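Which chain is which? The protein sequence lines are A and B, in order.
The opening position of the first sequence corresponds to residue 1 in this note's numbering, with each subsequent residue numbered one higher.
The opening position of the second sequence corresponds to residue 1 in this note's numbering, with each subsequent residue numbered one higher.
Think of the CB as a built atom: it goes at the ideal place given N, C-alpha and C, for glycine as much as any other residue.
All figures in this text were calculated on a predicted structure; none of them were measured in a lab.
The structure appears below as structure tokens.
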Amino acid sequence: MTKGELIDMVASQDGFSLKMAEIVVNTIFDSMAEALRKGERVEIRGFGSFEVREYNGYRGRNPKTGAEVQVRAKRAPFFKTGKELRQRVDLS
Amino acid sequence: MTESKAMTKADIIERVYGDVGGLSKKDSAEIVEKVFETIKCTLERGEKVKISGFGNFIVRTKKERVGRNPQTGTEIKIAPRKVLTFKPSQVLKNSING
Numbered sequence: 001m002t003k004g005e006l007i008d009m010v011a012s013q014d015g016f017s018l019k020m021a022e023i024v025v026n027t028i029f030d031s032m033a034e035a036l037r038k039g040e041r042v043e044i045r046g047f048g049s050f051e052v053r054e055y056n057g058y059r060g061r062n063p064k065t066g067a068e069v070q071v072r073a074k075r076a077p078f079f080k081t082g083k084e085l086r087q088r089v090d091l092s
Numbered sequence: 001m002t003e004s005k006a007m008t009k010a011d012i013i014e015r016v017y018g019d020v021g022g023l024s025k026k027d028s029a030e031i032v033e034k035v036f037e038t039i040k041c042t043l044e045r046g047e048k049v050k051i052s053g054f055g056n057f058i059v060r061t062k063k064e065r066v067g068r069n070p071q072t073g074t075e076i077k078i079a080p081r082k083v084l085t086f087k088p089s090q091v092l093k094n095s096i097n098g
């Protein structure tokens, strides 16, 4: 399912207009992305939580050529599935 | 990482109510719930959910394997199971590294 299909489904089930569903879906993901950008956690009960994890830089190697490369320290989003969703996904 | 506040669904509902014109608080809560419930139902069916600009939620099937209780060393069989993974989009990763 794509974001467009999600918007269609939300609009068709509840009598919200397509335009309204689109704005709401965009607002939800924009606000979560913005929180993560500020380094905040996002916790959606029953769904899961997002947080930003920091990774140290390290000296790596290109596995093909063997050339040494410096991998820089970075921050990356990490998602932990919530209990309800974890069970629903596994039991289906 | 500074352990500050966490954004919750209530904050998202507040944001939708404030930013999107023409929705009551009740409608805002209802439509936000609907969005997450629709995503959950789709994942429950084993279908992936792709949110462009944010990331993809993918259900993966894990095979049965033999694990070990790290405390006692006893071998235990880990049943095959389905797990949800999140792959953040390049856009989200870039924005977080600012």
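Cβ-based neighbour list, leucine 36 of chain A, same chain, cut-off 7 Å, excluding 5 preceding and 5 following:
Val42, Phe50, Val52 and Pro77
Just to confirm my understanding: we take glycine 15 of chain A, look at its own chain, exclude 5 residues before and 5 after, and list those with CB closer than 7 Å. What are they?
none
Asparagine 94 of chain B at chain A interface by Cβ criterion, 7 Å
no
From A:Gln13, A:Val25 and A:Thr81, residue whose alpha carbon lies closest to that of lysine 87 of chain B
Taking only the C-alpha atoms, the option nearest lysine 87 of chain B is A:Thr81.
Limits of the unbroken beta strand (DSSP E) element including glutamate 47 of chain B
From DSSP, glutamate 47 of chain B is part of no beta strand (DSSP E); its letter is neither H nor E.
Considering just the uninterrupted stretch of the beta strand (DSSP E) at threonine 27 of chain A, what are its terminal residues?
Run containing threonine 27 of chain A: none in the beta strand (DSSP E); it sits in the alpha helix (DSSP H), 18-37.
The beta strand (DSSP E) with glutamate 68 of chain A in it runs from where to where?
68-71
Quick one, which of A:Asp30, A:Gly4 and A:Ala33 has its alpha-carbon nearest lysine 19 of chain A's?
A:Gly4
I want to know whether the region 51-61 of chain B touches the region 75-94 of chain B - three or more CB-CB distances under 8 Å.
yes
Quick one: Cα of cysteine 41 of chain B to Cα of glycine 60 of chain A, how far?
41 Å
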